[in-house]
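Q: Using our numbering, the letters of the sequence shown correspond one by one to residues 8 to 666.
We put the CB at the ideal spot given by N, CA and C, even for glycine.
All values derive from a computational prediction rather than experimental measurement.
First, the structure itself, so that you have it in front of you.
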Amino acid sequence: MNVSALAAVANSVRSLSIDAVEKANSGHPGLPMGCAELGALLYGELLSHWPQDPRWINRDRFVLSAGHGCMLLYSLLHLSGYDLSLDDIRNFRQLGSRTPGHPEWGLTPGVEATAGPLGQGLSNAVGMAIAERILGAKFNTSSRTVIDHHTYVLASDGDMMEGVASEASSIAGHLKLGKLIVFYDSNQITIEGSTSLAFSEDVLKRYEGYGWRTLSGSMYDMTAIAQMVEHAKKAGERPTIIRLQSIIGKGAPKKAGTAKAHGEALGPEEAAAAKKGIGVPEGCQFYVFPEAEEYFKARQPVWRLAYEEWKKTLEAWKEENPDKAKEWTRYFEGGNADLSAVTLPSFKVGDSLATRAAGGQVLNAIARAFPNLIGGSADLAPSNSTNLKDMGDFSGSNPLGRNFHFGIREHGMGGICNGIAYHGGLRPFCATFLVFSDYMRPSVRLAAISKLPVIYVFTHDSVFVGEDGPTHEPVEHLAALRAIPNLFVLRPGDAEETELAWRIAYERHDGPTVLALTRQGIVVYPKADPAWRMTIRKGAYVARDCDGVPDVVIIATGSEVSVAIAAAAELTDRKVRVVSMLSRELFLKQPTDFRFNLVPPAARKVVFEASVSFGWKGPFDDSVVTVSIDRFGESGQYQKIAEHLGMTAAALVRRIRDL
Ligand SMILES: Cc1ncc(C[n+]2csc(CCOP(=O)(O)OP(=O)(O)O)c2C)c(N)n1
């Protein structure tokens with residue numbers, strides 16, 4: 008290990024980070040300056056990677072969980088040869104640049120996860136380590152290893168304080184994810200000052216309790232860190248956390264070790280002094296030390312060789328294992344999974360079952376056809392109907408089990424599923440009650456930002472949960488989820504629609520999808536639109552129609568569709584159409600013609616949904632009438648609740664007659 012060259016890399020990271028933040032006049036110099044040595048060691052020595060192929064399946068993953076410190080990452084990606092130029096670095100934080108204020112997956116080559124909301128990156132890394140475990144068990148043979156990599160994380164004090172990181176770390180210990188290595192940048196500084204203001208726990212003891220191996224040392228002893236990593240790699244069944252004592256803003260003469268170094272430009276004087284202190288020639292901007300450049304130049308052939316070796320192994324493995332090779336293609340190159348040739352359960356008019364039950368049948372059929380579909384629930388699988396029958400339980404000793412038991416850790420579950428999706432090769436779903444989607448909302452939002460095709464099965468989707476009462480009855484959740492851009496929220500009305508909803512969710516590859524499913528049984532209704540199976544993919548279709556142009560269009564979702572159909576049948580003196588709106592987002596994407604054909608502007612529009620009315624005016628016009636629930640629910644028999652809250656067919660008939 009060339010410590011002197013790595014020191015030059017570390018100081019190049021400092022030089023680039025100081026200047027980028029200075030030029031943008033915003034950003035976070037403290038972490039990159041404080042962790043520069045670790046970054047140099049990672050990108051120079053520890054990571055098995057090949058900058059020319061940042062999507063190499065078997066690369067080591069490195070997640071910068073403390074995303075605010077992204078100049079560390081950008082500097083190292085630039086220095087080690089990724090397609091990220093000095094101009095990209097100069098454009099740090101500028102509109103349209105590839106170096107945004109926090110790392111964004113899919114935008115910058117080499118960025119493994121969108122990070123910034125603290126704690127998320129660490130939970131993503133747990134998902135990546137899980138994916139590695141599964142894929143290794145699936146594809147490696149006794150003679151050839153094609154999946155075998157480590158997942159590294161750099162986490163800050165803030166990451167360590169966040170609950171989501173605790174949830175994910177707890178399950179990582181339980182699952183014995185020995186190839187997960189977390190570096191904890193312990194600089195004891197956060198935005199408000201010293202961590203002693205709010206954080207006095209013994210982090211390593213906590214991780215010991217989770218079943219991790221814990222090590223500690225100095226951020227600035229690269230030889231010792233490399234030794235600890237070797238040690239960690241031998242930890243076998245235990246993930247490792249290495250606490251590294253560090254100085255935020257190391258190298259800034261006045262601000263180092265203080266909160267002043269955390270999140271603002273050092274200022275011209277301090278920046279100049281810091282650069283001088285590390286040996287940047289006077290007047291130089293965005294300076295890279297020649298020794299650092301030479302070092303990375305020399306590393307390229309070494310990395311290329313390892314990469315080419317792996318490719319050769321893969322080719323030989325494919326020849327020896329043609330069946331596995333086919334699976335490999337499906338796992339990694341399948342792209343948009345095509346369900347057209349897959350037989351899914353069919354339901355018929357008159358069948359009575361909850362959409363969660365129908366969903367469970369469809370999920371099982373898809374899972375039988377696509378072995379890379381994996382997932383589970385936060386301890387509610389029997390209620391969510393998400394058990395994959397005869398497909399085993401994923402555990403520390405059974406990597407090929409496909410049912411995940413996330414425990415009661417919704418937020419961790421969301422972060423882990425994002426990590427599995429980031430990793431590639433697997434298709435994750437997860438489940439809980441709709442009301443608890445709030446517990447995982449930050450991860451859902453990040454899946455939407457990062458265009459991850461995670462599927463969320465959220466059951467017990469309305470006040471018709473009944474007896475459990477208002478704490479368990481979602482009223483604002485559909486609206487809240489619909490407010491997240493790029494998230495599809497699908498609320499099917501019966502079992503047949505549930506099958507279609509699953510198809511849409513599974514075939515989607517550019518973002519996450521929510522399936523909101525009922526607890527209560529629903530009778531499958533006849534559909535007026537003969538082409539409804541096609542039309543519903545546009546978000547809505549005519550479930551029940553009238554002769555001629557309708558006077559009233561009831562727009563209903565989920566379990567309210569069948570109630571609306573019953574109401575329409577009673578309103579014999581009016582021309583009433585019922586539109587089942589599986590997805591408002593999909594409907595709103597359609598051309599005006601389609602939307603106006605379905606919901607003619609001249610008709611009275613009545614939205615019927617057991618949810619807050621928030622958000623329903625926008626899609627139509629101010630004349631829309633909402634029959635909805637703008638309050639919390641009640642505990643009781645769900646039919647009684649429906650009567651109490653005016654959500655029955657009779658109540659809807661009265662409302663429409665009163666119009
Ligand atoms: C969930 C979340 N809450 C708040 C923030 C705002 N924030 C950014 S960095 C930070 C804390 C900084 O302390 P630390 O994590 O120790 O980073 P360091 O100061 O060492 O750079 C906070 C509160 C955030 N990014 N994510």
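Cutting at 7 Å between CB atoms, please list the residues of its own chain near V631, excluding the five before and the five after it.
A: K612, V614, W623 and K624
Q: Run through DSSP, which three-state label would S176 get?
A: helix
Q: Pull up the distance between the alpha-carbon of D345 and that of E514, whole angstroms please.
A: When only Cα atoms are considered, D345 and E514 end up about 6 Å apart.
Q: If you run the structure through DSSP and keep just helix, strand and coil, what is A242?
A: coil
Q: For ligand 1, I want to know if A73 counts as a neighbour, meaning its beta carbon is within less than 7 Å of at least one of the ligand's heavy atoms.
A: yes
Q: Does DSSP put Q59 in a helix, in a strand, or in coil?
A: coil
Q: How about L129 and V160: are their beta carbons less than 8 Å apart?
A: With a cutoff of 8 Å on beta-carbon distance, L129 and V160 are scored as near each other.
Q: Per DSSP, which one or two residues make a beta bridge with S223?
A: R250
Q: Measure from the alpha carbon of S402 to the alpha carbon of each residue in T466, K333 and G382, then state which is nearest.
A: G382
Q: Taking the alpha-carbon positions, what's the Y1 to E327 distance?
A: Residue 1 is absent from the model: the chain starts at 8 and stops at 666.
Q: Can we count P36 as close to ligand 1, meaning its CB is less than 7 Å from some heavy atom?
A: no
Q: CB V369 to CB T478, shorter than 8 Å?
A: no
Q: List, from N- to C-terminal side, the alpha helix (DSSP H) runs of 4 residues or more that fit wholly inside the stretch 480–527.
A: Whole alpha helix (DSSP H) segments, 4+ residues: 484–489 and 502–514.
Q: Between which two residues does the beta strand (DSSP E) holding L161 run?
A: T158 to S163
Q: For my contact list, V464 and A487 are in at a C-beta cut-off of 8 Å; report their separation, rounded to the angstrom.
A: V464 to A487, Cβ: 17 Å. No contact.
Q: If I'm right that G224 touches I254 with Cβ under 8 Å, what's the distance once you round it to whole angstroms?
A: Not a contact, Cβ separation roughly 14 Å.
Q: Can you tell me which residues form a DSSP beta bridge with A361?
A: DSSP output for A361 lists G528 as bridge partner(s).
Q: Start and end of the beta strand (DSSP E) containing F190?
A: L187 to S193
Q: Is H269 near ligand 1 - that is, is its Cβ less than 7 Å away from at least one heavy atom of it?
A: yes
Q: On the DSSP letters alone, give me the boundaries of the beta strand (DSSP E) that K331 sits inside.
A: Unbroken run through K331 is the alpha helix (DSSP H), P329 to E340; no beta strand (DSSP E).
Q: Assign C77 to one of three DSSP states: helix, strand, or coil.
A: helix
Q: For R151 versus T320, is the C-beta distance shorter than 8 Å?
A: yes
Q: Consult DSSP for H269 and reduce its assignment to one of helix, strand or coil.
A: coil
Q: Would you call the stretch 382–391 in contact with the stretch 344–362, where contact means no fewer than 3 C-beta pairs closer than 8 Å?
A: no
Q: Using a threshold of 7 Å, is the CB atom of E169 nearer than that to any non-hydrogen atom of ligand 1?
A: Result yes, Cβ under 7 Å from ligand 1.
Q: Less than 7 Å between C-beta atoms, sequence neighbours within five positions excluded: which residues of the same chain meet that for G113?
A: S457 and K458
Q: Would you say N194 touches ligand 1, meaning its beta carbon is less than 7 Å from a heavy atom?
A: yes
Q: For Y302, name the three-state secondary structure that DSSP assigns.
A: helix
Q: As a quick exercise: from V496, W57 and P246, pick the residue whose alpha carbon is nearest that of L589.
A: V496
Q: Give the range of the alpha helix (DSSP H) segment to which A547 is assigned.
A: Here A547 belongs to no alpha helix (DSSP H); instead the beta strand (DSSP E) covers A547 to R551.
Q: Which residue spans inside the stretch 570–639 form an unbroken beta strand (DSSP E) run of at least 3?
A: DSSP runs (the beta strand (DSSP E)) wholly in the stretch 570–639: 583–588, 611–615 and 632–634.
Q: Under a three-way DSSP split, which group does N394 fall into?
A: coil
Q: Roughly how many whole angstroms lie between the Cα atoms of T115 and Y548?
A: 40 Å
Q: Closer than 7 Å: is that where the CB of P124 sits relative to any heavy atom of ligand 1?
A: yes
Q: Which two residues bound the contiguous alpha helix (DSSP H) that contains C437?
A: Where C437 is concerned, there is no enclosing alpha helix (DSSP H), although the beta strand (DSSP E) it sits in stretches over R434 to F440.
Q: Taking 7 Å as the cut-off, is the CB of S201 close to at least one heavy atom of ligand 1?
A: no
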